[in-house]
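Structure record follows, encoded as structure tokens.
In the numbering used here, the protein residues as written are 330 to 609.
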């Protein structure tokens, strides 16, 4: 394996909106012996078109919407030093819908992500390491997939909560599909809890954190986002044991007084499947 490479971990802010119904109890991650297994599927899409220009200009700005999907088998373990937790998530053999690349991305089997975090889910450090035999493109693809997974911070409020509780987790992410930095607000709703297993409703709002399209003089004129999804978490396991979350963001770029605008649409769908946590 290559030496672990640490990456920047952006902080997040948590705000409790509703405590929920009694009885209430704190939500906290904890460690448990054993290895979690499952699959993580990520689909990203991007499209771009120009509005208000002449036919030639519009054609030059066209990027027909297209999607790519990758599926990564996962194994994960978690340990604790009595204070903080450390999870290790290891990739099995990745596959994608671009069959011509499958033999290449398969070289990233064994790619590893290690995170240290507190019991509320706030990550302090994150590192990646890849097999020596992995190609640069395979390593980059799997690292991007893991990065999209961590764009959804599974962080809990400090206060005890009950069914129906709602809280927000606010931070900043890089929208890989759109190539732009985004302010992200994730709203979680606790829909059920049984022992260590919880179900969450997920809603995500994203707005550009920059006011200009990279490499151009075009400014952000408008943006909209929509999302939906749900997750099943086992608080003993570091990765969701089930669920799917989708996001769609549309950003309009232009210049004041100009009738021409560039409309960029990006979509991401994250899906987890694996062991039946309730039966473990």
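Beta carbons: idealized from backbone N, C-alpha and C, even for Gly.
Point to revise | Residue from 348, 537, 521 whose Cα sits closest to the Cα of residue 530 | key: By one-based count along the chain shown, residue 530 stands at place 201. Residue 530 has its Cα closest to that of 521, out of 348, 537, 521.
Check your understanding: Just curious, the alpha helix (DSSP H) that residue 468 is in, first and last residue?
Key -> Residue mapping note: residue 468 aligns to position 139 of the chain shown, counting from 1. First-last of the alpha helix (DSSP H) with residue 468: 465-479.
Check your understanding: Nearest-angstrom Cα distance between residue 560 and residue 589?
Key -> For the purposes of this step, residue 560 is taken as the residue at position 231 of the chain shown. For the purposes of this step, residue 589 is taken as the residue at position 260 of the chain shown. Cα to Cα, residue 560 sits roughly 40 angstroms from residue 589.
**Study point:** Helix, strand or coil at residue 545 according to DSSP, with G and I counted as helix
**Key:** As a working mapping, residue 545 is identified with position 216 in the chain shown. Correct three-state label for residue 545: coil.
Review point. If you drop the 5 nearest sequence neighbours on each side, which residues of the same chain put their C-beta closer than 6 angstroms to that of residue 596?
Key: By 1-based counting over the chain shown, the position of residue 596 is 267. Same-chain partners within the cutoff: 374, 577.
Review point. Can you list the alpha helix (DSSP H) stretches of 4 or more residues lying completely in the segment 514-602, in chain order?
Key: none
Check your understanding: Does the pairing of the segment 502-515 with the segment 536-543 give three or more beta-carbon distances under 8 angstroms?
Key -> yes
Exercise for review: Less than 8 angstroms between the CB atoms is what I'm expecting for residue 416 and residue 444, so what's the real figure, rounded?
Suggested key: Translated into the one-based positions of the chain shown, residue 416 becomes position 87. Translated into the one-based positions of the chain shown, residue 444 becomes position 115. 5 angstroms between Cβ atoms; contact.
Exercise for review: Could you tell me how far apart the beta carbons of residue 343 and residue 452 are, in whole angstroms, since I believe they sit closer than 8 angstroms?
Suggested key: In the chain shown, the residue the question calls residue 343 occupies position 14. In the chain shown, the residue the question calls residue 452 occupies position 123. Between residue 452 and residue 343 the Cβ distance is about 13 angstroms, and since that is not below 8 angstroms, they are no contact.
**Study point:** Alpha-carbon to alpha-carbon, residue 368 and residue 437
**Key:** Within the chain shown, the letter at position 108 stands for residue 437. Within the chain shown, the letter at position 39 stands for residue 368. Going from the Cα of residue 437 to the Cα of residue 368 covers about 15 angstroms.
Review point. Would the beta-carbon of residue 458 fall within 8 angstroms of that of residue 333?
Key: By one-based count along the chain shown, residue 458 stands at place 129. By one-based count along the chain shown, residue 333 stands at place 4. Cβ atoms of residue 458 and residue 333: closer than 8 angstroms.
Practice item. Specify the secondary structure class of residue 360 as computed by DSSP and reduced to three states. Key: For this step, residue 360 is matched to residue 31 along the chain shown. The answer is coil: DSSP assigns residue 360 none of H, G, I, E or B.
Practice item. Flag this pair as touching only if the segment 346-362 and the segment 545-556 have three or more C-beta atom pairs under 8 angstroms; answer yes or no. Key: no
**Study point:** Presumed contact (8 angstroms Cβ cut-off) between residue 433 and residue 464, rounded CB distance
**Key:** On the chain shown, position 104 is the one that residue 433 refers to. On the chain shown, position 135 is the one that residue 464 refers to. Indeed they touch by this definition, with Cβ atoms about 6 angstroms apart.
**Study point:** Minimum C-alpha distance to residue 571 - residue among 556, 579, 602, 563
**Key:** By 1-based counting over the chain shown, the position of residue 571 is 242. The option with the nearest alpha carbon to residue 571 is 602.
Check your understanding: Do you know how far the Cα of residue 412 is from the Cα of residue 617?
Key -> It is not possible to answer for residue 617, since the shown part of the chain is limited to 330 through 609.
Point to revise | Close beta carbons around residue 462, own chain, < 7 angstroms, minus the five adjacent residues each side | key: Here residue 462 corresponds to residue number 133 of the chain shown, with the count starting at 1. So the qualifying residues of the chain are 436.
Check your understanding: Would you call residue 472 buried or exposed, if buried means 16 or more other Cβ atoms sit within 10 Å of its Cβ?
Key -> The residue you call residue 472 lines up with position 143 of the chain shown. It counts as buried.
Point to revise | CA-to-CA distance, residue 409 to residue 558, given in whole angstroms | key: Stepping through the chain shown from its first residue, residue 558 is reached at position 229. Stepping through the chain shown from its first residue, residue 409 is reached at position 80. Each residue's alpha carbon lies about 30 angstroms from the other.
**Study point:** Through-space distance from residue 524 to residue 456, alpha-carbon basis
**Key:** Residue mapping note: residue 456 aligns to position 127 of the chain shown, counting from 1. Residue mapping note: residue 524 aligns to position 195 of the chain shown, counting from 1. Taking the straight line from one Cα to the other gives about 31 angstroms.
Review point. Going along the chain, which residues of its own chain have a beta-carbon closer than 8 angstroms to the beta-carbon of residue 608, five neighbours each way excluded?
Key: Numbered from its first residue, the chain shown carries residue 608 at position 279. Low local confidence applies: a pLDDT of 38 at residue 608 is under 50, so the model's placement there is unreliable, with the coordinate-based value given in what follows. Closer than 8 angstroms at Cβ, skipping near neighbours: no residue.
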